[in-house]
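What follows is a single structure, written as structure tokens, with notes after it.
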Amino acid sequence: MVQELRERYDRYRVRNSENIAKISAQSIWSRQTSHAFTNQEPCRGGRGALSELRWQKSCHSASFVDATVPRTENQPREAAETTRRNTEPRCKPGDAAKGVTNLVPPPFRSALASQRPAATKEGSVTAAEADSSAILCDQAAEHREQRGCLNLVKAGAMAEQKPGLALLGAGIFACSQYVPTFRAITDVATLRVVWSRSQEVAMEGALLCKDFSPDVQAKWGEEGLEEIFADQSIHGVTVVLPAQVQLGIVIRSLKAGKHVLQGVAELRGALQQYYEIATSGVQPPIWAVAENYRFEPSLMEAAKWVKEAGSVYSVQVTAEAAMNSTNPYFSSAWRRDPGLKGAFVLDGGVHFVAGLRLICGAEVTSTSAIAQHLEPNLPPPDNVSALFQMDNGCTGTLVMSFSAVTKKINWRVLCSKGTVDVERSVQDGKHGYLVQYFPQEGKAKKFFAAFSGVQDEIKAFALDVSKVVSGVKTASEADPRSSVSEAVFDVAVVEAFLRSSDAKGSLVSVELV
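Be aware that the sequence shown starts at 1, since it is given in full-length UniProt numbering, and climbs by one per residue.
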């Protein structure tokens, strides 16, 4: 089954199929079994080849009506026929003649096209055409049923089980972002354990959760970790730990059968191990990556407006952060570890790259960059200036500084029909992103939304785990915005900046493996 899906995926790929197949067997399974291509015509400045791997749900969104031989509008139907027809999907009569094939899963579209009858008088449907449509719809229904798309229709809505989760890590970010989110989603998931490497930190973290999870336990050290892995009431873990230890615990969690949501880190060292889990014949758990900006409402709105604005000509990314002693992350020891190449540039840069990729709907393919170390109180490097090219033909610049005395985060996209500008802002005391669209014609548009990406992605993970535990969906159908494949692209771009700088600004390609 795995081999079959991989071969079919290769036939649909645009490019980099081997890289993407290794990056995330999870996203491959999801896209191959329940998604269809969103066809986008490639052109210079448009949404590029890599970004054309954008998929849309086909099994759950299609609307079907009766596909029998035409009858008069008021002709009654027999009760038995009604029952049968209401419990299986159908295509509209005449879809074959009109060329409407997007409601049928991809494997059957060529068959539908080949059996399309000759055009008839407008509005009429022949019996042969209706029979052909009905047969193909039956085939499509069988195809959908094999992939579990009809489970809810045949068995009825299944009650979703509230999963048990564990928070691995109780540092600054975990306590300031994850704990409030768990407090807000008690109707979706139950926080059962807070774990840390030290007893003191674990107990302090658990104490913060007592108001919304009275039975939460504090666990610490290796013994506590093993207890979590063995606890069948804990279905998933959120891992918020230093990069140096995070991936090891992530892989152990996955091998223990726990669904995982982790922070962004260097991921490729663990991909082969996950790939082995995914191809071992057992459906792998969810492996999701958080803090990647793809859930921020403003950035999603900006992506829509960029699409409306036509071909993308160029993009400018500016990220200025005052990383000084007043910043709570300034003294974090793990970011100052000499073994962690990139320090704040890697840790923070992946977010700005994720925003760039989301807004432009394209992938960075090559870059020429210079990294510098200007602030002696920060680990090197702390500044990056980069010129890059994307797979849709547009070029862009990125200037990122963690030694700045001001704070500014901005993406500005110049398009053929206007300009889209996204900038960090504050409105009514709420921090978020302000999006402005300046079209060539018509009035400018504005949109502001407070930061909610971290909360939204944790909730999405909890909902996905709930559906998997309840049998409503499989792990391969988890929200693709948190997929490991997306995170690997983000990390690969920042690593390309650093490799180019090591080569004195030489042009380098973004490498995924």
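No residue lacks a Cβ here, since even glycine has one placed at the ideal position from N, Cα and C.
Note that the coordinates shown come from a computational prediction; the quantities given were computed from them, not determined experimentally.
For Gln-427, same chain residues with a beta-carbon under 7 Å away, outside a window of 5 residues either side, are Phe-448 in chain order.
Restricting attention to Ala-362, Leu-168, Leu-498, Pro-285, the CA atom closest to the CA of Cys-394 is found in Ala-362. Beta-bridge pairing by DSSP links Asn-392 to no other residue. Of the other Cβ atoms in all chains shown, 16 or more fall within 10 Å of the Cβ of Thr-474; this residue is therefore buried.
Note that the C-beta distance between Phe-344 and Val-364 is not below 9 Å.
Met-203 is not bridged by DSSP to any residue. Classified as exposed, Val-405 has fewer than 16 neighbouring CB atoms from the shown chains inside 10 Å of its CB.
Counting C-beta atoms within 10 angstroms of its own C-beta, Leu-165 has 16 or more neighbours from the protein chains shown and is therefore classed as buried. Between the alpha carbons of Val-201 and Ser-506 lies a distance of about 45 Å. Put simply, of Val-384, Pro-379, Leu-414, Asn-392 the residue whose alpha carbon is nearest the alpha carbon of Ser-401 is Val-384. The criterion of a C-beta distance shorter than 9 Å is satisfied by Phe-229 and Ala-256. Taking every protein chain shown into account, the CB of Ala-303 has 16 or more other CB atoms within 10 angstroms, so this residue is buried. Beta-bridge pairing by DSSP links Pro-439 to Gly-418. Remark: C-beta atoms of Val-494 and His-259 do not approach each other more closely than 9 Å. Bounds of the beta strand (DSSP E) holding Lys-219 are 217-220. In this structure, the straight-line span from the alpha carbon of Gln-217 to that of Asp-211 is close to 13 Å. Annotation for Gly-164: the continuous beta strand (DSSP E) segment containing it runs 164-168. Nearest C-alpha to Ile-409 among Asp-421, Cys-209, Cys-415: Asp-421. The C-beta separation of Gly-169 from Val-240 comes to about 4 Å, placing the pair in contact by the 8 Å criterion.
In its chain, beyond the 5 residues on either side, Ser-466, Val-469, Ser-470 have a beta carbon closer than 7 Å to the beta carbon of Gln-161.
In this structure Cys-360 touches Met-390 by the C-beta definition: roughly 6 Å separates them, less than 8 Å.
Residue state for Glu-363 is assigned as coil, using DSSP reduced to three classes.
In the three-state reduction of the DSSP assignment, Gly-432 falls in the strand class. Counting of Cβ neighbours within 10 angstroms places Gln-246 among the buried residues, the total reaching 16 or more. Within the same chain, Thr-238, Leu-261, Gln-262, Gly-263, Val-264, Val-454, Glu-457, Ile-458, Phe-461, Ser-482 come within 8 Å of Ala-290 by CB-CB distance, once the 5 residues on both sides are set aside. Within the same chain, Cβ atoms closer than 7 Å to the Cβ of Lys-417 are found at Ala-309, Gly-310, Pro-439, Gln-440, the five residues on either side in sequence being excluded. DSSP places Ile-286 outside both helix and strand once states are collapsed to three, so it counts as coil.
Taking every protein chain shown into account, the CB of Pro-285 has 16 or more other CB atoms within 10 angstroms, so this residue is buried. By the beta-carbon neighbour count (other beta carbons within 10 angstroms, threshold 16), Ser-500 is buried.
Inclusion of Leu-358 and Arg-424 in the CB contact set at 9 Å is not warranted, their separation being larger than that value. When the Cα atoms are used, Asp-187 and Ser-298 turn out to be separated by approximately 26 Å. Secondary structure of Ser-452 (DSSP, three-state): coil. Ranked by Cα distance from Ala-288, the options Gly-342, Asp-464, Arg-183 are led by Asp-464. Secondary structure of Tyr-178 (DSSP, three-state): helix.
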